[in-house]
Each structure stands twice: as structure tokens, then as C-alpha cells.
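The structure appears right after this line, and notes come after that.
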Amino acid sequence: MDFVLGHYNYWIAIFLMMVGFYTVISRGNLVKKIVGLNVFQVSVFLLYISIGTVTGGAAPIITQGIKLYSNPLPHVLILTAIVVGVATTALGLALVVRIKEAYGTIEEDEIHEQDHSL
Amino acid sequence: MIENHISLLLVVIPLIAAPIAAILPWGRASWMLTLVVTSACFVLAGLQLWAVVHNGAISYELGGWAPPWGIEYRIDALNALVALIVSAIAAITVPYALLSAEKEIPKQQIPLFYSAFLLCFAGLLGITQTGDIFNVFVFLEISSLSSYALISLGQRRQALTSAYQYLIMGTLGATFFLIGVGLIYAQTGTLNMMDLAQRLPEVTSLKTVHTGFAFIMIGFALKLALFPLHLWLPNAYTYAPTVITVFLAATATKVALYVMLRILFTVFPDGFVSVTPTGDLFLLSGIAGVLTASVYAIYQMNVKRLLAYSSVAQIGYMAMGIGFASFKGVTATIIHLFNHALMKGALFMAVGAIIYRIGACRMDNIEGLGRQMPWTFGAIVIAGLSLIGVPGTAGFISKWYLVLAALEQQAWLSVGVILFGSLLAVVYMGKVIEALYFKPASEANLSVKEAPILLLAPTWVLVFANIYFGLNAEFTVGIAEHAARALGVAAK
Amino acid sequence: MIDIIIDITLLAFLAITAVAIVRLTNLLAIVMLFGIFSFLSATLFVVMDAVDVAFTEAAVGAGISTVLMLATIALTKDHEEKKYSSHRPWLPLAVVIATGAALVYGTLDIPAFGDPESPAQKHVATYYIEKAMPETGVPNIVTAVLASYRGYDTLGEVVVILTAGIAVLLLIGDNCPKSIARNHMQEGLKGKEIAHNLILRIASKTLIPLIILFALYVQFHGDYGPGGGFQAGVIMSSAIILYALVYGLDGAERVIPSTILRLLASLGVIIYAGVGVVTLLLGGNYLDYSVLADTQIAGQHLGILLVELGVGMTVFSIMLIIFFAFAGRGRP
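So this is what it looks like as C-alpha cells:
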């Protein structure tokens, strides 16, 4: 029981990651793939923050009288990763807009059909 | 003052130049800035390699904080060599870019184009120089995002879908890498590579560390386009603007391979590769990659695509060298990493010269062009011979050392694969040469003139490099052995 | 105990939302659910004491990303074709199950959640918690690590944002080939009806100064509480986005012309990288703020203030560049 209580956070994060990952590789809609990518990444952030959590710890802002803090390093890394994530999303969506203009569709299969017929 | 900061300036100069290039109003001004910056970086990278070889590894503390509290740049012979390759190729590509990019990229977009090019360049150098594993991720994303944008600028609409496909695969790869780093951090509490190297031996038996290692490898295998994770590469190289194909083919995969070498041999303890199935997997992937991709290359009708498949095959040779997990094997990988940049750079540039003249590079478009464009044709022949591995060219040195490494372990199958791979290369390069020279030229092709000198000169610089480093292997082999030692691969 | 219950409840909500995202085909619903997903994770970050991360996730993930996704479906279409949604479902499923199994295997001997003695909590993290305050004088350890100890990462991060801005301009900026079709978002943004709605006009006029004030507070209070240049930049840009939504895109572009935005974006990166060059010239290492003033603490303060300013400028202007590019696409 202790083992489960100590690890369920990681496992649910892993489950969420895999849902996102599955969306990316199984769906043919270009927007949905990007949403899946975002779900995947946000879940990885959950994994990182879980690694840095300390039971009974406070947010890592030095306050008088508090001795135990959560680990600040994963927070810093994830702040960076969030920004990288939104940058990727913006670029991916811009590509989707252009693909729609060039092909008239955002479904992967219809795009393949058009390119093979060329 | 400068000599203490070379390693840093190498990355920061293009990083500062990129936003400036973006706001310059004229394309030519951005081009000039890019030319100056890449040439300066080439000189700095040369100085850095010289310093590392003569005075030993360099450590630079960013922010003045001692590692592992702060981020460290740590340079030994291996990353000094990779930085030199990246900046040399950039410095040669930029003069070539002037005409080629003006032809393929809309005029108003040229300043942003060079800005993105500089960002990609800075990102690749940043990955190469750093000694901090999370810093790798940040600079990886700088180079990746800019290369997605650059690829999407190709003239045909497939450039957009190729860039999208690469974005999805690349981001998945980067996220896998991130997961791996997180798991390893959970068991070591550090991100600095040298610090990890000290702390990892105690925890290598843990499942978390094994999983983390696997995720880092898969993440970079995606970026490297290691068989069978190479599916994004042929499209991306085929539809990207010529200059970008030249630059990425010669540098991006090399940098990804460098990171793998660093993690396999420096960060993880010596012997980890052979204890775990890692070595065998690399060997297997290498063999499969060489055979499959070479056969695919034979059937391609588009010359750029043919060369892209050939790149996947060449990555296979490098993976085989890692698979041997020996001093000789890693040395051969590093030698090929250097030489492949020379030959693929030259080949894509020569094909780019054809595209500059006729706007296409399908087998049936280029018939008979070899007689109209003798210098371009000559470049393709010599660089092609190098790709095959004919004695007197750089490619021969690669193959020679790779075969030696295989013989050392009596891996007869691998020796056979290396030789058979060369045979397949004869077939696909032969097809290109046949179309260019032995097929009769069409009406339209008879009036095609030789490519302008601005395209030919950079191409021939690389062609001469192929011959020079084929006849005089002292530099390549010396540095590669130095680098393999610095990596921590034990010489047997 | 109560922590565990909140934690489990939030995780359950997250799981339900994620599964709904895979299963639905209405893209509008999917995007709204993603906004919820992102917001729920922000809440979870607060429960796990990661306040800065929560703040950023709420502003960036639930805010900007969702807005961009909405803009994209307005420009493309809002339905996934059902017939394509499940071709070859077995291969992806097998890959995902294998990957998930590998990850679960990897967590079997990972230290338990919340263990204060785990390796991740020792070593570097302990150093930051003990030394960040005396060495930099900044009580918010996250800000100290972000802007100083790992300040070079943050420079890279600002450059990533700049890269995204340049990439979006290359793809769908003013100079790119345009589509002729008008689209519903454009109709909304032309905003005849919205602009004449009295309540919206008055509400937004009151809100916008407050948002800007809050952004400035977040920008300059990041040393002491959650916040900093990233969050401030995003909040500041949301004020202009609100203005654009109510008064139309042209109005917003008159307030901040795109050439100014480009200059600001580049300038932000140059300020950040330039602080590093100044420290070089003063004889320190790159981004070693200690040489900027007489004492180490004063130098660190000044350095962090300046680089956060650079961050804020670039994030603010790139967010707007990206928004304007998406919103302006398809303008006749």
C-alpha cells in the first residue's frame, strides 16, 4: 500500500503522457496531433514536478521560520520547458494554417492522396 | 581577454547576430552579417580546437557559478572537432546561399531567413559546446524550431507537410529526451555531465537509470534519423530549400550523433554499452540501415531524395562504429562523421547548382546536363567516388578504419555489409552519373549554361577537401583518436 | 491526508479530460478540453508547491496555447473526419503500451513521491535552498536559479521564443502568400457588433489598465513572490489581445505597430545577451552579474532585474506578433 501511495503520482502522469502520445501517433487530424503533443508535454511536466515534491515542504520562496522547501530545480527546468512547448505549438499551428491553404484540408490521409495523385 | 572566452563567444556571437539580422531592412545586409559571423565562428572554432589539442580540455563557468551549481561549457577534442565541422560548413554554405536563396526564397523574407539560419547555427553550436544535459535540450529546441521553419520555406507545398512531419517527430524526440533526463535526475540530483559521470556508476543497476538512458537514446535516435526512426529525413531533405539541405545534411545529424557519443561514453561509465544490449542494438540498426536505405536510394527518381536515403545509410555506418564499442570503432565513427560532412556537403551543393539552372533535379530532367555543366558534373563525380569509398578520397579513409574496427572483433558479417554497402553506393551514384553524362540531352537542356562561380567555388572547396583528406589522413585520424580518448573509450 | 485527496481528485479529472480529448472529434470541444486540462494541471502544480510553474502554465498553456488553437480551427475547420480517426489503430497502441510499460518499469525503484531524502532533493537542490538567498539576495529561489545560476538556460529560452516569432512571421506573416478566403474569426475581429457593445467597451476600458498594472507588478515582484518576465510578458500581451478583440485588429495594430513589435522582440534578446557582454567587458565570466556593482548582492540584483526586463519585452512582443499573424491571416 505504501508503495502504491508513493508511486501513484508517477503512474498517473505516465498514463496521461501515453494518452497524449497515442493521440499524436494515431490520429490523422493535424490540429488534434498538436493538442496531443501538448497533453504529452504537460504530463511530462507533472512527472518532473512530482520528482521535486517534498512532503510537508513549502513553495521554494525563503520565508522566516520555514525549514523545509520543495525542490526548486525541477520548477526552473519546467518553466523553460513550458515556454519551449508554447513556441513549438505556435510554429506547428502556423504550419497547419499554411497546409490548409495549400491542400484545402487538414486530414493526413487526404493530403497523402493529393500528393500521390500529383 | 578573448582567449579565455573563445568557447562562449562561438555561441553567443551568432545568438546576438540573429535578432539583428531579423530587423535589418535589406536581404543583402543580413547576408553580409551572416557571412561575417559564420567566418568569425570558423576562426574561433579553429582556435578552440588548437587550444584543446595543445592544452587539454576547456571548462567555462557561465554566470561565474562553479559547476554543478551553474551551467558549464566543457570542450575536449571531440566537441571542438564537431564545432569546427559545423562552423566550417556554415562558413562555406553562406557564400553559396547568396544566389541560391535569392532564387528560392521570396525577397521580403530574406532577412528573416538569415536570422533563422543564424539561430539554427547558434543552436547547433550550443548543443556541441555545453557540459550540462538540460542546456542540451534548450539549444536543441533553438536549432530544431529554426530548422522546421527553414525547411517549410521550400518552393513546393510538400515542404510544408515535411516540416510538419519533422516537427512532430522532432518534438516527440525532444520530449523523450526530457523524460530520460528527468528520470536520471531523480536518481542523481544533478544535471552537469561531468558530475553525472561521477555519480552514475553507483546507480547504474537501478531500473530508473536504465529507462532514463533508453529514453535519451531513443530521443536522439529520432533527431539523428537512425534507422528505423529515419522516416522524416528523406522528405525534409528533398523539399527544403537547397541551402538548408546542404547545411542540415552536413551538420545537424552530426551534432545529434555527437550527443549520443557523449552520453554513451562520457556520461555513462565505460563498459555500460557492452554490458547492456546497447552496443548490439546500434550494430543491428546500423547494418539494417546501411542495407535498406542504400537499396531505397537506388530506386529514387529525385536526386535530392536519393542523396537523402544515402545519408540514412551513412548514419548506419556511424552506428556500426558505435556498435563495436571499441576504441577503433568509435574512432572510425568520428572519422566518418567528419568525412561525411565533406562529401554530402559537396554533393548537395552540386545538385543545388543544377536546381539553380533548371529548377528541378529529377532523373529525367537532368539528362545530358553533365556535358553542359562540366564543373558541376566533376564535383558530383569526385564527391560520389568519395561516398563510395574509392582510395584517394576521404570516404576511403572512413571505410578503411571501419573495416579495421570490424576485423579487430572478427565481425565478418559487418565487414561484408560495409563492402556490400559500397557496392550499392556504386549503383546509385552510377545512376546519377549515367543520367547526367550518358543520356542524350533534351532540347531544353542543350541551352543550359554552367552554374555561376559563386555556387561552384564553395562546392569545389569541399571537393578539394574530399581529395586532401583522402590523401592526407593524418589530421582526421589524429584528431579522431584524440577525441575517442577524450570521450573515455578505453584503448584496448 | 487532505492533500492526498485533492491530489487524487485532480489527477482523476485530468485522466478523464485526457481520454475525452482522444475520443472526441469536435475540434472546438477538444481545444476547450485542452484548456481545462492545462488549467487542472496548473492547480495540481499549486498543490505540489510549484507556484511559479502553475502561474506560467495557466498563462501560457491554458491561455496563449488555447487561443492559438482556437485561432487555427477558425482558420481551418472545426471537425475531425471520423472516417480517418482510427486507421491502423493497433500499431500505435502497441507502441504506446510498450513505452508506457517501460516507464512504469523505470518507476519501480524511483524514490517514493514526496520523499525528502531522495537523491533529487539532495546535492544541487540543497545547495540552492541554502545558498541562493545569501549569494543572490533573492528570496524566491526559483527566480534566483532561473535568472542567475541557470541564467544561460533562460537566455536560450528567450531565444526559443524569438525563434518561434521569426518562424511564425516566415510562415504566416504579412509578407507570405495570403489566402483569399475570409473566415469567421476575422468577422469576429472586425468586430462591428462587439465594438458597439457598450458593456464590453466599458468593461474592457476598466480592465486593460488593471491588467497592465498587474503585469508590471508581476514583472518587478518576481524576486519576492511567484512571477517574473515570462508571466509578465504574457499578461501584458493579453491586455493588447483583449483590446484587439473588442476594438478590432486594425485598432490594436495602430496602438502597437508591427515594426515596433519586431524591434522590441529583438531588443529584449539583445538586452539579455548584452548584459552578458557587459559582464565580460567588466572582467567577469558571461552573465556573472556580481561584477555589475560594488557588492555581489547588488550586482546580482541589478543583473536579474535587467535580464527579466529583456525576457518580459521579448515575450510580450513575440506573443503579440504571433497573435496578430494568426488573427490577420485571411484579412481581405
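Chains as they are written, first to last, in the working numbering: chain A, 541 to 658; chain B, 23 to 514; chain C, -5 to 326.
Glycine included, each C-beta is placed from N, C-alpha and C at the ideal position.
Locate the beta strand (DSSP E) running through residue i, then write down its first and last residues.
i: Arg379 (chain B); result: Arg379 (chain B) -> not in any beta strand (DSSP E); alpha helix (DSSP H) instead, spanning Phe349 to Ile380.
i: Arg17 (chain C); result: No beta strand (DSSP E) holds Arg17 (chain C); the alpha helix (DSSP H) holding it covers Ile(-4) to Arg17.
i: Glu647 (chain A); result: Looking at the DSSP string, Glu647 (chain A) is not in any beta strand (DSSP E), and its letter there is neither H nor E.
i: Ser81 (chain B); result: Ile80 to Glu83
i: Glu515 (chain B); result: It is not possible to answer for residue 515 (chain B), since the shown part of chain B is limited to 23 through 514.
Of all Cβ atoms in chain A, is any one closer than 8 Å to the Cβ of residue i?
i: Ile265 (chain C); result: no
i: Arg179 (chain B); result: yes
i: Arg176 (chain C); result: Note that Arg176 (chain C) has pLDDT 41, beneath the 50 cutoff, so the model's placement of it is unreliable and no number is given.
i: Phe208 (chain C); result: no
i: Leu149 (chain C); result: no
i: Leu255 (chain B); result: no
i: Leu239 (chain C); result: no
Taking C-beta pairs closer than 7 Å, name the residues in chain C that residue i reaches, listed in chain order.
i: His615 (chain A); result: Ala44, Asp46, Val47 and Val136
i: Ile552 (chain A); result: Leu5 and Ala9
i: Val559 (chain A); result: Ala12, Val13 and Val16
Would residue i pass as an interface residue toward chain C - the criterion being a Cβ-Cβ separation below 8 Å?
i: His27 (chain B); result: yes
i: Met541 (chain A); result: no
i: Ser137 (chain B); result: yes
i: Gly605 (chain A); result: no
i: Ile164 (chain B); result: yes
i: Pro90 (chain B); result: yes
i: His652 (chain A); result: no
i: Val624 (chain A); result: yes
i: Trp53 (chain B); result: no
i: Val544 (chain A); result: no
Looking at the unbroken alpha helix (DSSP H) that takes in residue i, where does it start and where does it end?
i: Tyr207 (chain B); result: Gln180 to Thr210
i: Tyr146 (chain C); result: Gly145 to Ile166
i: Ser329 (chain C); result: Because residue 329 (chain C) is not part of the residues shown, which for chain C are -5 to 326, the question remains open.
i: Ile419 (chain B); result: Ala416 to Glu430
i: Asn157 (chain B); result: Ile155 to Ser174
i: Asp109 (chain C); result: Careful: Asp109 (chain C) lies outside any alpha helix (DSSP H) and carries neither H nor E.
i: Phe143 (chain B); result: Ile132 to Gln151
So is the beta-carbon of residue i under 7 Å away from any non-hydrogen atom of the ligand PLP?
i: Leu194 (chain C); result: Absence of the ligand PLP is noted for the structure shown, with no ligands found whatsoever.
Does any CB atom of chain B fall closer than 8 Å to the CB of residue i?
i: Ala599 (chain A); result: no
i: Asp103 (chain C); result: yes
i: Val154 (chain C); result: yes
i: Asp655 (chain A); result: yes
i: Val309 (chain C); result: no
i: Ile602 (chain A); result: no
Mind listing the chain A neighbours of residue i? Cutoff is C-beta to C-beta under 8 Å, in chain order.
i: Ala185 (chain B); result: Leu635
i: Gly256 (chain C); result: A small fix is needed here, since residue 256 (chain C) is Arg in this sequence, not Gly. Here the premise fails: no neighbours, minimum Cβ distance about 16 Å.
i: Val160 (chain B); result: Thr620 and Val624
Along chain A, which residues have their Cβ under 7 Å away from the Cβ of residue i?
i: Gln213 (chain C); result: Chain A residues near Gln213 (chain C): none, gap ~15 Å exceeds 7 Å.
Along chain C, which residues have their Cβ under 8 Å away from the Cβ of residue i?
i: Tyr562 (chain A); result: Val16, Pro86, Leu87 and Val90
i: Asn577 (chain A); result: It should be pointed out that residue 577 (chain A) corresponds to Leu in this sequence rather than to Asn. Residues of chain C passing the Cβ test: none, with the nearest at roughly 10 Å.
i: Glu496 (chain B); result: None at all; the shortest Cβ gap to chain C is about 35 Å.
Can you name the residues of chain B whose CB is closer than 8 Å to the CB of residue i?
i: Lys573 (chain A); result: Ile190
i: Leu638 (chain A); result: The amino acid occupying residue 638 (chain A) in the given sequence is Arg; Leu does not appear at that position. Ordered by position in chain B, the residues that pass the 8 Å Cβ test against Arg638 (chain A) are Ser174 and Leu182.
i: Thr628 (chain A); result: Glu163, Leu167, Leu189 and Thr193
Can you round the beta-carbon distance between residue i and residue j to whole angstroms, since I take them to be within the 8 Å contact cut?
i: Thr152 (chain B); j: Pro113 (chain C); result: That belief does not hold up - the Cβ atoms of Thr152 (chain B) and Pro113 (chain C) are roughly 23 Å apart, past 8 Å.
i: Lys326 (chain B); j: Leu426 (chain B); result: About 33 Å; that fails the 8 Å criterion.
i: Leu175 (chain B); j: Leu164 (chain C); result: 6 Å
i: Arg256 (chain C); j: Ile190 (chain B); result: Contact flag wrong, Cβ pair sits at about 29 Å.
Find the residues of chain A that neighbour residue i, judging by a C-beta separation of less than 9 Å, and give them in chain order.
i: Phe199 (chain B); result: Within chain A, no residue comes near Phe199 (chain B); the closest Cβ sits about 10 Å away, beyond 9 Å.
i: Leu194 (chain B); result: Phe561, Val564, Ile565, Leu577 and Phe580
For a contact meaning CB atoms closer than 9 Å, what does residue i contact in chain C?
i: Asn157 (chain B); result: Arg144, Tyr146, Asp147 and Gly150
So with CB distances below 9 Å, who are the chain D contacts of residue i?
i: Gly204 (chain B); result: Here the protein chains are A, B and C, and chain D is not one of them.
Subject >> Within the region 478 to 509 of chain B, ranges of the beta strand (DSSP E) (whole runs, at least 3 residues) >> reply: Runs of the beta strand (DSSP E) inside the region 478 to 509 of chain B: none found.
Original post:
Which runs of the beta strand (DSSP E) fall wholly inside the region 19 to 107 of chain C and span at least 3 residues, in chain order?
Top reply: Those beta strand (DSSP E) runs which fall completely within the region 19 to 107 of chain C and span 3+ residues do not exist here.
Subject >> 4-residue-minimum alpha helix (DSSP H) runs that sit fully inside the region 564 to 605 of chain A, ordered along the chain >> reply: With a minimum length of 4 residues, the continuous alpha helix (DSSP H) runs that stay inside the region 564 to 605 of chain A are 570 to 592.
Original post:
At what residue ranges does the region 198 to 253 of chain C contain a whole run of the alpha helix (DSSP H), taking only runs of 4 or more?
Top reply: Those alpha helix (DSSP H) runs which fall completely within the region 198 to 253 of chain C and span 4+ residues are 223 to 241 and 243 to 249.
Subject >> Complete runs of the alpha helix (DSSP H) confined to the region 237 to 268 of chain B [at least 4 residues] >> reply: Listed in chain order, they are 254 to 261.
Original post:
If you scan the region 43 to 122 of chain B from start to end, which runs of the alpha helix (DSSP H) of 4 or more residues do you find wholly inside it?
Top reply: Within the region 43 to 122 of chain B, the runs of alpha helix (DSSP H) that reach at least 4 residues and sit entirely inside it are, in chain order, 49 to 77.
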